Amino acid sequence: MRIEFDQIHKSFGPTEVLHGVSLSLEGGQILALLGENGAGKSTLMNILGGLLRPDAGEVRVDGQPVQFRTPNDSIGHGIAFIHQELSPVNDLQVYENVFLGRELRRGLFLDRAAMRSQAAQLLQSLDIPIDVDSHMRDLDASSKQIVEICRALQCQARVIIMDEPTTSLAEHEIALLFTLVRNLAAQGVGIIFISHKLNEVKELCSRYAVLRNGAVVAEGEMADVTTEELSEWIVGHELAHWQPARAGQLGSEVLRVDGISRGREFRDVSFSVRAGEILGITGLLGDGRSEVFRSLFGDTPDYEGRVFLEGRPFHARNTWSAVRAGLAYVPSNRKENAIVPDLSVLFNGTLATLRAYCRCGWLCRPRQEQDFQGPARDFRVKYGRLDDLITTLSGGNQQKVILARWLTTHPRLLVLDNPTQGVDIGAKQEIYDIVRRVAAEGMAVIVLSGEGQEIVRLCSRALVMYHGTIVGELQDDELNEHEIMRYATGSKTATAHANQAGE
Amino acid sequence: MKAKHGFIGWFQAQWTGNPLFSTTLALAVMVILQTLALGTDFDSFGDWWTTFYRNWIIVLRNNATVGIVSLGMAFVIISGGIDLAVGSTFVAAGALFLLLLDGGGWLAAIGLTGWPAFAAAALLCVVAGALLGGVNGVLVANGGIPPFIVTLGTMKIFRSVTQDFMQRGHNPSFPQEFADFSCLTFGGQMVMPIVYWLVVAGLLWVLSRRTVFGSHVVAVGSNERAAKLAGIQVRSVKRRVYILAGALVSFASVIQICRIGSMDYSNAGSGYEMDAIAAVIVGGTRMSGGRGSIVGTMLGVLIIGVMNNLLNLMGVPPFLREAFKGVVVVAAVLLQRKEATS
Chain R
24 MRIEFDQIHK SFGPTEVLHG VSLSLEGGQI LALLGENGAG KSTLMNILGG LLRPDAGEVR
84 VDGQPVQFRT PNDSIGHGIA FIHQELSPVN DLQVYENVFL GRELRRGLFL DRAAMRSQAA
144 QLLQSLDIPI DVDSHMRDLD ASSKQIVEIC RALQCQARVI IMDEPTTSLA EHEIALLFTL
204 VRNLAAQGVG IIFISHKLNE VKELCSRYAV LRNGAVVAEG EMADVTTEEL SEWIVGHELA
264 HWQPARAGQL GSEVLRVDGI SRGREFRDVS FSVRAGEILG ITGLLGDGRS EVFRSLFGDT
324 PDYEGRVFLE GRPFHARNTW SAVRAGLAYV PSNRKENAIV PDLSVLFNGT LATLRAYCRC
384 GWLCRPRQEQ DFQGPARDFR VKYGRLDDLI TTLSGGNQQK VILARWLTTH PRLLVLDNPT
444 QGVDIGAKQE IYDIVRRVAA EGMAVIVLSG EGQEIVRLCS RALVMYHGTI VGELQDDELN
504 EHEIMRYATG SKTATAHANQ AGE
Chain L
2 MKAKHGFIGW FQAQWTGNPL FSTTLALAVM VILQTLALGT DFDSFGDWWT TFYRNWIIVL
62 RNNATVGIVS LGMAFVIISG GIDLAVGSTF VAAGALFLLL LDGGGWLAAI GLTGWPAFAA
122 AALLCVVAGA LLGGVNGVLV ANGGIPPFIV TLGTMKIFRS VTQDFMQRGH NPSFPQEFAD
182 FSCLTFGGQM VMPIVYWLVV AGLLWVLSRR TVFGSHVVAV GSNERAAKLA GIQVRSVKRR
242 VYILAGALVS FASVIQICRI GSMDYSNAGS GYEMDAIAAV IVGGTRMSGG RGSIVGTMLG
302 VLIIGVMNNL LNLMGVPPFL REAFKGVVVV AAVLLQRKEA TS
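So the sequence lines, in the order shown, correspond to chains R and L. The first sequence runs 24 to 526 under this note's numbering. The second sequence runs 2 to 343 under this note's numbering.
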């Protein structure tokens, strides 16, 4: 099957976001669709997925012009769209999810036996070790992703669009996904793979296309380019080469955690961080690093063990008292945990400090604006008006607004959980700069991340967690991606342990 | 869609961009129909004008009580909750008000009479309503029970306990000298309930738009998890929303009793929860929380009120009017859907 975009134009209101995009994909190819957030990737894919219609230009399938009015039209043509946020029904079993929306029936009733055997056959043909009878909620993130792909295949998809499928996966799960994608391509399925991780697309994809400001700026065979060239096309200018982080002047100890545990989530975790330091904590999915800080921040305060904040015992009973004590926690999964979609840019950026602008309950708007606009200007947040909804901003700008929310609290300790998730390369660089600067100004910073590269670039010291405990501490020359992986995988049975922790 | 200029362009921009536009438009259509329904059988313009504004005062007065209840309901729904117990709180608070104020009532027993007694009774009634709301709030916020279930339960409890208690002793009556609280006339019109409604609406508008509490309510309804992780005391916000609703309901109860002079403990306030929810929804508030406004809720109350009046003027049988109300609620949500999809 062959898909062609021919001179696609699309506008939202007065702004044109696609200026005549032409692109093609053959069956069996894996096409990397690259570009910053807002470059037009999602718009283009939504047109192919039947969610949007082009203003001008046409989409052709095997040379025939087609018009997709609904997602069902495009599924009917064998095009499946796997969105970044997965939509599995956790209360159903695997085979039921595979057939979701196109259940097999015998008369009035579901034909469970047929669905189960067909799903099992499908999984077997792709060499996937997932039990069709397991409940969806018991699977880890990559298995859910794979079930989602099987659902697409079950609809006889000949082209599969995957929108950032690896953001929530750990490295060994990514390997599993890649094997599946390669198998599919070998069977003649065309894949459009959207990702910000260049090493990943370099490894997996056979072709690439780079979108910038709604136009294709480069396309060709993956074998002919380097990741440096790709990133130059994506951002439009050469990226400054980075130096590995080195410890600057460290101040006194800000936080000391002494052997804290909480149920099965984490056990006997101890560490300390000093003013001016950027401490990294990393590991694979299910390592418990986020859980530790959710507990410290008062979200799940029922942990055992002792914590000292600037030498004094500290135990936040709720998030409010953690904020007052000078902790700031930028959570992972921005959309779920940080963004308030019905509030404006201004209110999202000042949500943690609203009471400070308050006189007898009355909100003092000028002070609120002043307090937000400082960091907003520093971080170069791009927004229209302060009263626009936060959801009108791109992912990177949303993340900067959330950073501003926490830096206006003037915390003593800033914890960043997966701070560059779903953020494009340019914004990523800017967020790193912000983090380095606040640390240089004497704040203690802890960065939680599953990306080894991020830890190496940003941190002067890193802890590696595995299955709820700290298994290694790295600094100076030892602090590299290779060493991190060695600790993070723990042992040869790492996969089995990680699966247990995910349950 | 190409951007057009002039009226059509303005209309398109408002239609897609302004959440209250379709609501305002619907109200305008209702008002035009209502004005036409008054007929043309008048001697002079002055004659018509008198009929017109008297009719309007009746509409506003009849909806003042449910209007105040709806404003409280709007806060609850924006916070992501729902309060089915408003009608029962209305009765319970009203019963307490009468018990306190009755000629041989509790306040008279401690020697308080006249307007000071009235003020004390009204205040205690509002406090009691706030406490009943607080029961809902604590069960929702601290008990972690879904608000629908909590308030379904307290709806039954509040009314049944009130009914049982009130049929045991003597039935307190309302001393008519206090009727002026609601019935004081200006230019021959009884407008006090309307004045209270507008004042409450003004105060609540300020509360929703100009205070920390108002923003916290939106944050909790829009993304509770994010609100919690931003250090907002989510439980306290939820408790206060139900307390506010309870206090407003009991204030509405005071106004109603002063106007009618009595209370029927079996039927008063029944159906208020549904009328209030309908008005809030018609006013563009999202059922799952986060989006909504005081102005929209006022428009919602007016749309339903004007429609009732219109049906009345047209002589539609009373049983059928509820059907029209149902149609308006569903149609309003259909109209608002385009805002969500565009």
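The beta carbon of each residue, even a glycine, is placed where N, CA and C say it ideally should be. Treat the numbers as computed from the prediction; the structure is a model and nothing was measured.
Exercise for review: Check distances from the C-beta atoms of the segment 230-256 of chain L to those of chain R and list, in chain order, the residues that come in under 8 Å.
Suggested key: L230, A231, G232, I233 and Q234
Check your understanding: If you measure beta-carbon to beta-carbon, which residues of the segment 12-38 of chain L are closer than 8 Å to chain R?
Key -> none
Exercise for review: Using a Cβ-Cβ cut-off of less than 9 Å, list which residues of the segment 200-218 of chain L approach chain R; keep chain order.
Suggested key: V207, L208, R210, R211, T212, V213, F214, G215, S216 and H217
Point to revise | Below-8 Å beta-carbon distance, G495/R vs any chain C residue | key: Note that chain C does not occur in the displayed structure, where the protein chains are R and L.
**Study point:** Among P364/R, D322/R and A450/R, nearest to L412/R - alpha-carbon criterion
**Key:** P364/R
Review point. From L262/R to E255/R, what does the alpha carbon distance come to, in whole angstroms?
Key: Interpretation of L262/R is limited by its pLDDT of 47, a score under 50 that renders its predicted location unreliable; the figure taken from the coordinates is listed afterwards. Those two C-alpha atoms are separated by around 7 Å.
Exercise for review: Assign T202/R to one of three DSSP states: helix, strand, or coil.
Suggested key: helix
Practice item. State yes or no: is the beta carbon of T3/R nearer than 8 Å to at least one beta carbon in chain L? Key: Lying outside 24 to 526, the shown extent of chain R, residue 3/R is not represented and no answer is given.
Practice item. Work out the CA separation of V280/R and L100/L for me, nearest whole Å. Key: 59 Å
Point to revise | Neighbourhood of L75/R by C-beta, 6 Å cutoff - its chain only, sequence neighbours within 5 removed | key: N69
Exercise for review: Could you tell me whether the Cβ atoms of L146/R and C173/R are closer together than 8 Å?
Suggested key: yes
Practice item. Whole angstroms is fine: what's the gap from V213/L's alpha carbon to R382/R's? Key: 10 Å
**Study point:** Beta-carbon neighbours of Y352/R, restricted to chain L and to distances below 8 Å
**Key:** L230
Review point. Start and end of the alpha helix (DSSP H) containing H505/R?
Key: E504 to A511
Check your understanding: Is it the case that the Cβ atoms of G213/R and G50/R are separated by a distance below 8 Å?
Key -> yes
Check your understanding: What does DSSP give as the partner residues of Q87/R in its beta bridges?
Key -> V84/R
**Study point:** Start-to-end residues for the alpha helix (DSSP H) that takes in G138/L
**Key:** G115 to A142
Practice item. Check each residue of the segment 360-371 of chain R: if its Cβ is closer than 8 Å to any Cβ of chain L, include it; give the result in chain order. Key: N360, A361, I362, V363, P364, D365, L366 and F370
**Study point:** Straight-line Cα distance separating R226/L from A220/L
**Key:** 9 Å
Point to revise | chain R contact residues for N224/L, given Cβ-Cβ distances below 7 Å | key: I362, V363 and P364
Review point. Any idea what DSSP makes of E474/R, helix, strand or coil?
Key: coil
**Study point:** R25/R to N206/R span [Cα, whole Å]
**Key:** 19 Å
Exercise for review: Quick one: residues in its chain with C-beta nearer than 8 Å to the C-beta of L28/L, no 5 flanking neighbours on either side, listed in chain order?
Suggested key: L300, L303, I304 and V307
**Study point:** 6 Å Cβ shell around G215/L - same chain, five flanking residues per side excluded
**Key:** L208 and S209
Exercise for review: Please classify M315/L: is it buried, with 16 or more other beta-carbons within 10 angstroms of its beta-carbon, or exposed?
Suggested key: exposed
Point to revise | CA-to-CA distance, P398/R to A463/R, given in whole angstroms | key: 16 Å
Practice item. Under the assumption that F325/L contacts L312/L (Cβ atoms under 8 Å), give the Cβ distance between them as a whole number of angstroms. Key: 6 Å
**Study point:** Proximal residues to R290/R (C-beta, below 7 Å), its chain only, five neighbours per side dropped
**Key:** S284, G491 and T492
Practice item. Please decide whether N341/R counts as near chain L, where near means a Cβ-Cβ distance under 8 Å. Key: yes
Practice item. For G291/L, decide whether its Cβ has a neighbour in chain R, counting only Cβ atoms nearer than 8 Å. Key: yes
Review point. Under the three-state reduction of DSSP, which class applies to E261/R: helix, strand or coil?
Key: Residue placement at E261/R is poorly supported in this model, since its pLDDT is 48, which falls under 50; the coordinates are not used for a value here.
Exercise for review: Could you tell me whether the Cβ of R174/R comes closer than 8 Å to any Cβ of chain L?
Suggested key: no
Point to revise | A220/L at chain R interface by Cβ criterion, 8 Å | key: yes
Practice item. State the CB to CB distance for the pair N137/L and T155/L, rounded to an integer number of angstroms; the pair is presumed to be in contact (CB under 8 Å). Key: 6 Å
Review point. T305/R to S293/R, Cα distance in whole Å?
Key: 15 Å
Point to revise | Alpha-carbon to alpha-carbon, C482/R and G282/R | key: 23 Å
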